[in-house]
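*Asks:* Can you keep this structure in mind? I'll have questions shortly.
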Amino acid sequence: MDNYIEVVKNKLKEEGFKLTPQRRSIVDIMLKSKGQHLNSEEIYDLVKKQCPEIGLATVYRTLQLLDDIGAVSKLNLDDGCCRYELNINNESHNHHHLICKKCNKIIEVEEDLLDTLEEQIEKNYGFKIFDHDVKFFGLCSDCK
Ligand SMILES: [Zn+2]
Ligand SMILES: [Zn+2]
Ligand SMILES: [Zn+2]
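Following this line, the structure appears as structure tokens:
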């Protein structure tokens, strides 16, 4: 995972930005909370423990910057807030999300499973697919 920090550092440098200690703390939080899909406020609360002087606006701006350089992905899970997750492998398609309507748990589906659909779309519409954003709404195994 040290590697990820180096990648972020280099991407920032390419765009003329530095990995400041505050940005570094946000990247650290994203790494530590992998798979949790934290929203901006939750990330802010965690970062504040490391950088008490950091402001919410800085956290928003940094997350936006990390999203712009492709280091994190912004998720819209239809729950009224912006959630973020690591984007370690730029080349691969995003995993799918299962969202429990009762307890709001977010479960990741690692398998893409859309190869056939993607192939059909590319063939029938002459459309080159880069990625997709798939959400399933329902009840998790605990709530069912
Ligand atoms: Zn795919
Ligand atoms: Zn549930
Ligand atoms: Zn996810």
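Numbering that gives the first Met the number 0 applies: residue 0 is where the sequence shown begins, and numbers increase by one.
Glycine residues also receive a C-beta, built at the ideal position from the N, C-alpha and C atoms.
Given the structure is predicted, the values throughout are model-derived calculations rather than measurements.
Using only the heavy atoms of ligand 2, determine whether one of them is closer than 7 Å to the beta carbon of Gln-141.
*Replies:* The residue you call residue 141 lines up with position 142 of the sequence shown. The displayed chain sequence assigns Asp, not Gln, to residue 141. The answer is yes for Asp-141.
*Asks:* Considering only the alpha carbon of each residue, which of Glu-52, Gly-79, Val-46 and Lys-134 lies closest to Leu-62?
*Replies:* What you label residue 62 is simply residue 63 of the sequence shown in a count that begins at 1. The residue with the shortest Cα to Cα distance from Leu-62 is Val-46.
*Asks:* For ligand 5, is there a heavy atom less than 7 Å away from the beta-carbon of His-131?
*Replies:* No copy of ligand 5 appears in this structure; the ligands present are ligand 1, ligand 2 and ligand 3.
*Asks:* Does the Cβ of Lys-134 lie closer than 7 Å to at least one heavy atom of ligand 2?
*Replies:* As a working note, residue 134 is residue 135 in the sequence shown. It does not: the Cβ of Lys-134 is nowhere closer than 7 Å to a heavy atom of ligand 2.
*Asks:* Let me know if Leu-74 comes out buried or exposed under the rule of 16 or more other beta-carbons within 10 Å of its beta-carbon.
*Replies:* Looking up residue 74 in the sequence shown gives position 75. Under this definition Leu-74 is a buried residue.
*Asks:* Is it the case that the Cβ atoms of Cys-102 and Cys-142 are separated by a distance below 8 Å?
*Replies:* Position 103 of the sequence shown, counted from the start, is the residue given in the question as residue 102. Position 143 of the sequence shown, counted from the start, is the residue given in the question as residue 142. Yes, they are a contact pair.
*Asks:* To the nearest angstrom, how far is it from the Cα of Asp-130 to the Cα of His-92?
*Replies:* Within the sequence shown, numbered from 1, the residue matching residue 130 stands at position 131. Within the sequence shown, numbered from 1, the residue matching residue 92 stands at position 93. Computed Cα separation, rounded: 5 Å.
*Asks:* Hey, is His-92 close to ligand 3, as in C-beta under 7 Å from one of its heavy atoms?
*Replies:* Numbered from 1 along the sequence shown, position 93 holds the residue referred to as residue 92. Incorrect: His-92 has no Cβ contact closer than 7 Å to ligand 3.
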